[in-house]
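Engineer: Quick one: this structure, given as C-alpha cells, is what I'll be asking you about.
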Amino acid sequence: MFMCAITAWGQTKAVTGTVKDSKGEAVIGASVVAKGSSAGTITDVDGNFTLNVPTGTKTVIVSYIGMEKQEVALTGGKLNITLNESSVSLNEVVAIGYGSVKKSDLTGAISSVSAGKVKEAGRTSVLSTLQGSVPGVQIQQSSSRAGAAYSIIVRGQNSVSGSTAPLYVVDGIITTSIDFLNPQDIEKVDILKDASSTAIYGSRGSNGVVIVQTKSGNSVQQSAKTAISYDGYYGVTQKARMPQFMDSQEWMQYRTMACQYTADANGDGILEFAKADLKSVWMGNSTLDATLQPKYANGTFSGSQWLLNRYINNQSTDWAGLVTQTGAQQNHYIDISGSTKDVSYVVGLGYQNEKGIFINDDYSRYNLKGSLTANLDKHWSVGFNINVAYSTQETGSDNAMLSAFRMSPITAPYSNGNLSSTLNHLIGNLVVVPGKTNESVKDANGNYIWANSIGGGGFTSSINPLVDLASTSNNTRKVNGLGNAYLQYSPLKNLLIKSTISPSLTTYRVGLAKSTLAEGNYDNPLTTALESNAIANVENYTALNYTWDNQINYKFTIKDDHVFDLMGLYSVYAGDSEDYTANTSGYNYTGYQWYNLGAATNTANTKLTSPYQGFSMLSYAFRANYSYKGKYLVTVSCREDGSSKLAEGHKWAFFPSAALGWRMTEESFMAKSKDWLSNLKLRASVGYTGNNNISSYQTLNLATTTTYYNFGAANALGLAVGAPASGELTWEKTRELDFGVDFGFWNNRINGSVDLYDRLSSGLLQKITLPLESGAGTMVQNLGKVSNRGVEVSLNATILSTKDFTWTVNASFAANKNKIVNLFGNETKGYVFINSNSQKWMVGEDINSIYGYVYDGVWTADGIKAAIAAKDPRVVNSSGKVIAREGQGKVKDFDGNGIDPNDRRIQGHSDPSWTGGFGTNIAYKGFDFALNLYTAQGMTVFSPFMEEFTNFNDRGRQKLKMDYYIPAGTSLIGSDGYFYTTTVAHDYQGRPMVYSDNGTNSNCGPYWHQGKETANDMPGSWVNASYVKVRNISLGYSLPKTLDKVLGIQSLRFYCNVLNPFVSTKYLGFDPEWAGASMGKDNGPSTITYQFGVNLKF
Amino acid sequence: MKKIIIAIVGILSLTLTGCADFLNENSKTNADADTYYSTDAGYESLINACYSTLRDVYGGNIEMFSAGTDLFMVGRGGLTSQGLGTYLTLTPADNSVKAFYTNVYSAIKRCNDAVYYGTGTGRSAVRLAEARFLRAYYYFQLVQQFGDVALVTDYLAKPIKEYPRTPAKDVYSFIISEMEATLSILPVAGSTPDGRINQRVANHYLALVYLTRGYDTTAGGSAADFTKAITYATTTINNQALSLPFDGSTGIFWPGNEKNAEILFSVQYSSTSLATTTSGNSQASYFGTYLGGSDGATGDGMPYMNSNLQPTMRLYNLLCADPNDTRFAGTFMQELRGTGTGTSAKCSFYSYFKTAPATQNIIVYYPKPTATVADVAAWVAVSPSTRSNAIIQYAINGTTTWTTNTADKAFPCIKKFSDPSSVFSTTGSTRDIFLARLAETYLIRAEAEIKVDGEGVSARATADINVVRARAGASVITATNATIDYLMDERARELAGEYHRWLDLKRTGKLTTYVPLYNPNVPSVSYMLGTGNAYKILRPIPQDAIGLNGVTVTQNPGY
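Listed in order, the protein sequences are those of chains E and G.
Our numbering puts the first sequence at residues 10 to 1107.
Our numbering puts the second sequence at residues 3 to 561.
See below:
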C-alpha cells in the first residue's frame, strides 16, 4: 500500500521560502507541506525551507504550534511567509472526552491549563500546578510532606459518603490518581466541570473529569525534525512561618497555673495550690509545702534542681529544629520527539526527588514514557502510549514530628553524663523518655535530671522523637503503569473508527518496621530480652484494570452551513485488585525490617489478610455536535452505564445531557461592534451524571463473619452472614444546570468567561442504621440530596504588547454554596453527627458545617459578680449553686435557660465561600517574570493544631505562645523562680484561665477545650483559616535566538522560582491550607522553596 | 489486511464481552451466602454461628440477669449502667439494656438466616429444628425482659423500617408452638451434654416457659400452664437423681467437670475455640471483691475480679442458714491462699483448685457470718503454721460489714465459676456457662406443683425441694415449708450467680418486695417507681430502638 504513495512522486519542482512570525523573528521547525500530497519539510534555524513539490501543486500549507495555519499559493518565486500567533482562546482545541473541539465551538464549561502554565509553576505534583488557575476547582495540599497528596473538589462536595475525587483520564485511560505523573510531561490539562460535558463519562462524571494529555506522538507535527528537550530544576525547601511556641519560662509559668485550682465555687477565680500539685510542678516530693518558695533556698526546695536551673536560665530545647532539616528537590525531564512522514514518536525520561523538611522524609520518582503513532496507509493507523512511574517514599516515623512539637521546651533530648545503673534509659546519650520522672538520669554535675526516686508523674510519656526516628521506618514503593494501543480505520474522509485498549496497573508495597523503642511500642529493651514489641508490617497491593473503547466519529457538513460531528462509543471496563497484608511482631533483631517476617516470634499476634475486589462496567454512549454557520451550537449526549457494584435490576442507568451555544458576535447585527466586542458567546446546558463510589459486593449476601464455638471437645467455627445486602442499591445521580458567557474585547485582548451553575445530587449513597429489631446493623441505601450552586469567573488580559515588552494578567474567581437538601429521606429536619469534632450534617446546611456553642469570651471578675447578682442561669443553677467562675470561658445562652444543647449553632463551614486566583506575566526581551497568587476565603475549620497546642486540659506538653486570663490574687512564678501574687487580673485575647481539676470542674471550664460536660464542642479549636498565598514568583531569561544558533540549539532559558514566598492569614498554626489536618505525621510546618531551573531544547 | 484486522476485532469483541454475566459480581474473599449455605458444611457452619450467639448474649455484660436483685448489689467497680442496679436511674438510654436488646435481636437474625437457608433440599432437619428452637428461646428471653416485642421471623431481604411490637400473648404462642413443633425433630439427649439443643433441653425450657406464662394471665397464662410445666419437667427429669456432690473436686462446679450428667444446656467454651485468650466469658469475674491487679497475683494466680456486682448479706445468710449445707463453702472461696500477710499480700487464689491445702499459706479467711470466735479458732487450729497469720474478715465486725466494705479482698468471692486455666482478664474464663441443669428442673417442677397444689401443702413439691437440699447435705423440709418464698430461697442457694435471679423475681412477682427488702442500693420501693407512678418491672425499650423504628412505639410503664 506504500506503493501508491511512491508512484505519485513522479516529477517534482523545488519551492523555497522563509517563515517568520509577526515580530519578524524566524520560525524554526515550522511544517511546510504541499497541499494534496504527502511531500513536506520543516524550516531551519533561519526559518528557511526548500521543498520538492509534485508538479501541479498550487499551494503549500505552513503550520507551527501556537500559530495560525496558513495556506500559501505558489508564486514561482521565493515565498516570504508571516505566521500570525493563533488567537489562543478561540482556536485552542479542548478535550471533551472521546474527542475534542475548538474552544469557539464549545458548549460546556471546560477549563484548560497548558503545558507552559504547568511548567512555570515549578511544582512537583500536577494537581498542585492547577491550584488557583481553574475557577470552581478547589485544590488543597494536605501536608508539607514530600510527595504529599492534594485534595480536589470540583464545584463543591456533592456526595456525603462517596468519594469526592473527580474522574482522571490520562491519555484516554481512566485512572484513580494523577499523582504519579511528572508535571514536565504534561501537554495539557482540561477540566470538565458541567454535567453536559461530564455526562459523556456518565456514571463516573458527577465529581467532574480531569483530562490529562501527556506528550504523545499525536502532538508532534508531521515530518518534524527530531527535537530533544531538557527541563530541570533544583530547589531547596525551608520551613517557614513557624507558629510561636512557648519557651521554657513561659511554659513553666503556664504549667504552674495548670497545677493550681480554685478552692471554692463562689465565682471567685483565685487560684491556689494543693501540696501534691505543687510537687508535681517541679518534680519534687510530697513534703514540699504549698506556702514555700519554689526556688531552692535553705534546703526548702525539694523539686528538681536541674529543672529549676533550666527555668531560671530559660534554657529551651528547639525540639522542632531537631527533627527538621533543609529540604531539597530536583526534577529532570528529557523528552525526545520527532516524526517522519508516517511515523511520529515521543520518548520521555524523568527523575524527581524530594528530600522533605522532616528527617527521614524522602520521595523519589522515575518516569518513563513512550509514544508512537504510525499511518499504515490512507485508511489505517495504529499507535500506542505507555507511561510508567516507579516511586519510592520513606516517611519515617508517624509520631516523631508530633512528639517533637509536643515535647515541652524545658525537657532535654541529651544527657551529659551518668546514668542510673539499673534503669538504663539512654541510647548513647539520648534520653529515651525525656518527659518522665523515673528516668533517673543525672546531669554532668551528677545531679539527677529529675529529683531521684519519684515514681510516676512527669510531663509526658512520649518517646524522644530522635529515638523514635531512629526506630521506625515506613517505606512505600510503587509502580504505576498505564498504556494504550489503538487501531484506527478511516474508510471515508472524516469518518473514524477507533478501537483502543488501555490497561492500567497500580502496584505498591508498604513496609512498616518499628523497634521496641518506637513511640507506641515502647518496652524497655534491657528488661525484655526479646524485642517482643517490635513490629514488622507489610502490604502488597496490585490492581489491574483495562478499558476497551470502541469509538466511531463522523464529521460531515451539509450545504456548508450545517456542521455535524457525531460520536458513538461502546466501552468495556473491568478490573480487580489483590491486597496482601501481614502484620507481625516479636523480633530478636530489628534490622530485618519487613524482609524476614518468618522470624517473628510472637506468632499469636501474626495477622494476615488478602482481600480481593473486582468490578466491571459496560457503557454505550452517543454524542452529537451540531453547528449552524458557526453561530448556533448544539451538543446532545447520552450514556448508558451498567455497573457490577449495584443491585440486580438496578445496575443500568441512563445519563443524558444537552447544551446550546450562541455565538452572538457571528450575527450580522453584531458586525458593527466587532472591532471592540470580538467575541460573545452564550451557553446553556443541562445534564445528568452519576456516582457509584462504593466498594464492590455491597449487594451480595456474603458469609463473612467468623464465629467461634465448640460442642464439647469439638470446635465449631462458624461463618455467619455479614452486613446485609443492599438489595436495591443504585446510582447516585446529579442534575446540573449551567449558564455561561464567553467574551472577548478588542480582538480578544481581554477575554474571559462567566458561569453560573446549579447542581442537585440525589439518591446519595448513605450508610444508615437499620432498626435494632432487624438485628442487622447498617446498610447502604440511596438516600439524601445535596445542592451546590455557584458562580465562576475567569479573566485574561493583555495589558501591553509590543515587540519587546508583553504584560498579561489573568484572574479567576469562584464561589460555591453547598447545602444538604435531604438527609436520610427527610427534607425538613434531621441531622447526624459525623464525628466528635462538632461536625454535623443538618438539612439546609453545608455538609462541612461547624456546629457547637458560641464562644463569648471570658467571665471577668466584674462580669461574674453581676451575673451572680442577676442569677444568670449560666452561672447560678436552679438550686442556687454557683457553677461558673471568674476566668472561665463563656458561651452564649440563646434561650436564657442556661447552657443546654439547644444553644449550639452552626458557626461556619470548612469549605471556602469563595476562592480566587491572580497571575501576571511580564516579558521584556529575553526576560520573563511571573507571579501567581491564590486565595481561599470564608473557611471555619476545626483545627487539630489548635486543639493540641491550646489545650488547657494538658499540662505536660508544649503550648502555643499565648496569653490567658489570670485572676487577681493568683500566685505566679517570676523569671527568678520566686512566687509573687498578681494584684490585678490579666485579661488577654479572650482566652480563659488555665486551672486544674479540683474534682468538680474541668481544667478550663467546659467551654474552651474538651471539658467534661461538652466533649463535642470545642470553640477554642475553631479557627478562621482563610488565606491569601503567593504561590510563586519566577524570573527567567531566555538566550537570544542569535546566540542559540551559535550553540546549535533551538532555545535555552534559565529561571529561578520561589514557591509560597508569602502567606497572609489569621490562622496561628502551621499552614492554613492544612489547618484541618489531623496532628499525625501529616501536619507540619509551612515551607518556602527556592528553585533554579533550565529549559533547553535542541 | 483489512480482513485480518476486522477478524481480530471481531474475535476480541466476542471474547471480552461474550459472557452475558459480565456485570455479575463474584466475591472471592468471602463465600457467597446462597452458594455456601446450600452445602452441608456451609449450613453446619451457619448453625454453629447461631450457637455462638449464646456467647454474645451471656459471655459479657450480665447485668440484665443478676443486677438489681435481692442477691446482688452494685459493687465497687460499678455497673456499665448503674440504672439496672438501682432502678432509680434506669432510663431508655441505658446502655446495658440496649446491648442486650441488640445482641438478642442479632442472634434472632442469625437464626432467621438459618431457618431461611434450612428450607432448601438436603438440609438437616435436626439442624433446622435447633435453629428454630434457639430462636424461640431468644424470644422467651425478650418477652420476659420487655413484654411486647417485635416478632421478626423472616429473612431480611431488603431494608425494613417498621417493626411494630407484637403482644406478649402472641410472642408466647409463637415460642410454645415453635418449641413444641421442634421437640420431636430434635435428637434425644446423649449421655454427656455437648451443648447442643436436644429433646431434654426442649422439655426443660417448655416447662420453664409454661411456668412463666402461668403467672401472667395478660400474656395468655392460666392454671393449666402449671400442669403442663409439671409434665414437661417430669419428662426432663426422667427419674434421674442428683447424684453428684455440689462441692468438692468431684462436684458439679469443679473446674473441668463442666460436662457432668446434671447439665442440660450450657454456653460452651474451650481454650481452643476462642478468637483471643481474652474473648472468653466474664462469669468468673463478676461476683466478688476486688483482689488486685495482675501484680497482686502469685503462685497459681487469681481471677481478675471486675467487682461490678457484690453478693448481698441476704445471699450469705441464705447459704449459711443450715450449718450442714455444703453450698456456702461450695459457692464462696472462704480461704484466700497466697504469700505474705495482710490484705495486700500476693494472692494465689487458684491454688485451692490445684494443691492440697495443708501446704498453703492462707492470707485471708472469711468465716461464715454465723461463725463464732471459737469456730475460727478451731479453723486455725487445724493448721496453725499456715493459718495463724491469716486476716480474718468477719462478715459483721462491729462497725463494718461485708456489704459496706469496699477494700480489696474485703468479702468472699463466688468461686463456682473460677477458671484456673484462664489468663488474667475479666473476660478470660473458658468455663461453660450453665444455662439449665437438672437441679433447676426439680425446682421448676416444685414451683409448678406449689402453684397447682397450693402453698405450704404440696407433698410432691416438698419432695422435689428435698432432692435438691439432700444433695447439698442440708436438712429436709416438711410440706409447710413448700411455699413460693421458700422455693425462692432454695433457688438462691442452689443457683447463686447463675443467670436466673432477676427473671425468677420478675416471674414470681417478688421483684418489688424482695429488692427493697434485701438490696441496699434500693432502700425503698419508691426507688422502683418511674414515670406515671408505675413500677419499673419490665425493662425500657431502648431509646435507639424507638428512634430508629418507623412506627410509633409505646414505651413500657415507668419510663
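Cβ atoms here follow ideal geometry from the backbone N, Cα and C, with glycine treated the same way.
In this text, all values refer to a predicted model and were calculated from it rather than measured experimentally.
Straight-line CA distance for residue 419/E to residue 962/E?
Structural biologist: 19 Å
Engineer: Check this for me: beta carbons of residue 378/E and residue 396/E, under 7 Å apart or not?
Structural biologist: yes
Engineer: CA-CA distance, residue 151/G and residue 335/G?
Structural biologist: 40 Å
Engineer: According to DSSP, is residue 73/E helix, strand or coil?
Structural biologist: coil
Engineer: Using a Cβ-Cβ distance cut-off of 7 Å, determine whether residue 393/E contacts chain G.
Structural biologist: no
Engineer: Which residues of chain G have a Cβ atom closer than 7 Å to the Cβ of residue 548/E, listed in chain order?
Structural biologist: Here the premise fails: no neighbours, minimum Cβ distance about 15 Å.
Engineer: Taking DSSP's pairing of strands, which residues face residue 494/E in a bridge?
Structural biologist: 393/E and 510/E
Engineer: Within 7 Å of any Cβ in chain E, is that where the Cβ of residue 262/G sits?
Structural biologist: no
Engineer: Quick one: Cα of residue 1117/E to Cα of residue 385/E, how far?
Structural biologist: With chain E represented from 10 up to 1107, any question about residue 1117/E goes unanswered, as that position is not in the structure.
Engineer: Which whole runs of the beta strand (DSSP E) in the stretch 244-294 of chain G are 3 residues long or more, in chain order?
Structural biologist: 265-269
Engineer: Measure the alpha-carbon distance for residue 795/E versus residue 172/E and round it to whole angstroms.
Structural biologist: 14 Å
Engineer: How long is the line joining the alpha carbons of residue 883/E and residue 165/E, rounded to whole angstroms?
Structural biologist: 39 Å
Engineer: Mind checking residue 678/E: buried by the 16 CB within 10 Å criterion, or exposed?
Structural biologist: exposed
Engineer: Taking only the alpha-carbon atoms, compute the straight-line gap between residue 641/E and residue 574/E and give it to the nearest angstrom.
Structural biologist: 14 Å
Engineer: Which residues in chain G sit within 7 Å of residue 717/E, going by Cβ to Cβ distance?
Structural biologist: 54, 275, 276 and 277
Engineer: Suppose you measure from the CA of residue 441/E to the CA of residue 328/E; what does that come to, to the nearest Å?
Structural biologist: 14 Å
Engineer: Any residues in the stretch 652-664 of chain E with a beta carbon nearer than 9 Å to a beta carbon of chain G? Which ones, in chain order?
Structural biologist: The stretch 652-664 of chain E vs chain G, Cβ under 9 Å: 652, 653, 654, 655, 657, 660 and 661.
Engineer: Using the beta-carbon count (16 or more within 10 Å), is residue 775/E buried or exposed?
Structural biologist: Under this definition residue 775/E is a buried residue.
Engineer: With C-beta atoms as the reference, is residue 320/E less than 7 Å away from residue 417/E?
Structural biologist: no
Engineer: For a contact defined as C-beta to C-beta under 9 Å, what are the partners of residue 332/E on chain G?
Structural biologist: Ordered by position in chain G, no residue passes the 9 Å Cβ test against residue 332/E, which lies about 36 Å from the chain.
Engineer: Residue 995/E bridges to which residues according to DSSP?
Structural biologist: 975/E
Engineer: If you draw a straight line from the alpha carbon of residue 655/E to that of residue 618/E, how long is it in whole angstroms?
Structural biologist: The alpha-carbon atoms of residue 655/E and residue 618/E are separated by roughly 25 Å.
Engineer: Quick check: the Cα distance between residue 234/G and residue 242/G, rounded to an integer number of angstroms?
Structural biologist: 14 Å
Engineer: Only counting the same chain, and skipping five residues up and downstream in sequence, which positions put a Cβ closer than 8 Å to that of residue 80/G?
Structural biologist: The residues 310, in chain order, have a CB closer than 8 Å to that of residue 80/G in the same chain once the five nearest residues on each side in sequence are set aside.
Engineer: Less than 7 Å between the beta carbons of residue 565/G and residue 478/G, yes or no?
Structural biologist: It is not possible to answer for residue 565/G, since the shown part of chain G is limited to 3 through 561.
Engineer: What is the DSSP secondary structure of residue 659/E, counted as helix, strand or coil?
Structural biologist: Coil.
Engineer: Of all the CB atoms in chain G, is at least one closer than 7 Å to the CB of residue 587/E?
Structural biologist: no
Engineer: Taking Cβ-Cβ distances below 9 Å as the criterion, which residues of the stretch 726-752 of chain E are in contact with chain G?
Structural biologist: Legend: CB atoms of the stretch 726-752 of chain E lying less than 9 Å from CB atoms of chain G belong to residues 726, 727, 728, 729, 730, 731, 733, 734, 735, 736 and 737.
Engineer: May I ask which residues mark the beginning and end of the alpha helix (DSSP H) holding residue 206/G?
Structural biologist: Counting along the chain, the alpha helix (DSSP H) containing residue 206/G begins and ends at 201-217.
Engineer: Buried or exposed for residue 1074/E, please, with buried defined as at least 16 other CB atoms from any protein chain shown within 10 angstroms of its CB.
Structural biologist: buried
Engineer: Against chain E, with Cβ distances strictly below 7 Å, would residue 438/G count as a contact?
Structural biologist: no
Engineer: If we cut at 7 Å on Cβ distances, does residue 720/E have a partner in chain G?
Structural biologist: yes
Engineer: What are the start and end residues of the beta strand (DSSP E) that includes residue 1082/E?
Structural biologist: Run containing residue 1082/E: none; DSSP gives neither H nor E here.
Engineer: Output the distance between the C-alpha atoms of residue 824/E and residue 763/E, rounded to the nearest integer angstrom.
Structural biologist: 12 Å
Engineer: In the DSSP assignment, what residue or residues form a beta bridge with residue 2/E?
Structural biologist: The structure shown does not extend to residue 2/E, since chain E is modelled only from 10 to 1107, so the question has no answer here.
Engineer: Among residues of its own chain, excluding the 5 on either side of residue 537/G, which ones have a beta-carbon nearer than 7 Å to its beta-carbon?
Structural biologist: 514, 530, 531 and 560
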